[in-house]
Amino acid sequence: MTNRLRTEIQEEEGDENLIVEEKPVREIPDNFFTQFFTKGFITTERATNALPFILYLALLGMLYIGNMHLAEKTIRDIDDLNKEVKERGWDYKTAKADMAFKSTLTEVAKRADTLGVRQSVEPPQKITVKEEQDGN
């Protein structure tokens with residue numbers, strides 16, 4: 123850059139004509155929806171007045187969706203509990219059958235034999251007490 127006077131620089135800037143290109147305004151297509159929202163049924167005032175009702179409907183929709191999720195979760199919990207009840211029933215029946223098997227005479231005898239208690243092989247004897255008759 124050379125040393126120039128301020129006036130010379132300003133003169134050069136004034137000489138240049140700035141060309142500003144304007145963007146063409148985009149036209150809105152003339153179809154049903156644009157006529158409906160601009161010229162027809164819905165206006166800005168009507169949309170503003172309808173906003174509370176629209177928000178109310180949105181709230182009802184969210185409550186409906188939340189209620190459905192809660193109902194489905196409850197159904198899944200009920201199914202899980204039913205499966206658990208069936209499983210516990212099977213465990214009970216298995217334990218009952220094992221107890222019935224282990225309480226049979228032969229099984230009790232086998233288990234008692236390990237403790238040193240044996241089953242008697244002789245039949246039981248009846249003990250009778252004879253009364254003495256006094257001659258007195």
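Numbering (this note's numbering), first residue to last: 123 to 258.
Glycine residues also receive a C-beta, built at the ideal position from the N, C-alpha and C atoms.
Q) Under a three-way DSSP split, which group does E244 fall into? A) The three-state reading of DSSP puts E244 in coil, since its state is none of H, G, I, E or B.
Q. Apart from the five residues on each side of it in sequence, which residues of its chain come closer than 8 angstroms, Cβ to Cβ, to K205?
A. none
Q. So what does DSSP say about E149, is it helix, strand or coil?
A. coil
Q.
If the criterion is Cβ atoms closer than 8 angstroms, does the pair T156 and I164 meet it?
A. no
**Q.** C-alpha distance - P146 paired with N189, whole-angstrom precision
**A.** 52 angstroms
Q: Give the C-beta separation of Q241 and A231 to the nearest angstrom, bearing in mind that I take them to be a contact with Cβ-Cβ under 8 angstroms.
A: 5 angstroms
Q. Roughly how many whole angstroms lie between the Cα atoms of A169 and F159?
A. 10 angstroms
Q) For E254, which of helix, strand or coil comes out of DSSP? A) Here E254 sits in coil by DSSP.
Q | Coarse secondary structure for A195, derived from DSSP in three states | A | For the record, residue 195 in the displayed sequence is Lys; it is not Ala. Reduced to three states, the DSSP call for K195 is helix.
Q.
Need the endpoints of the alpha helix (DSSP H) that E82 sits in, please.
A. Only positions 123 to 258 of the chain appear in this structure, which leaves residue 82 out of reach.
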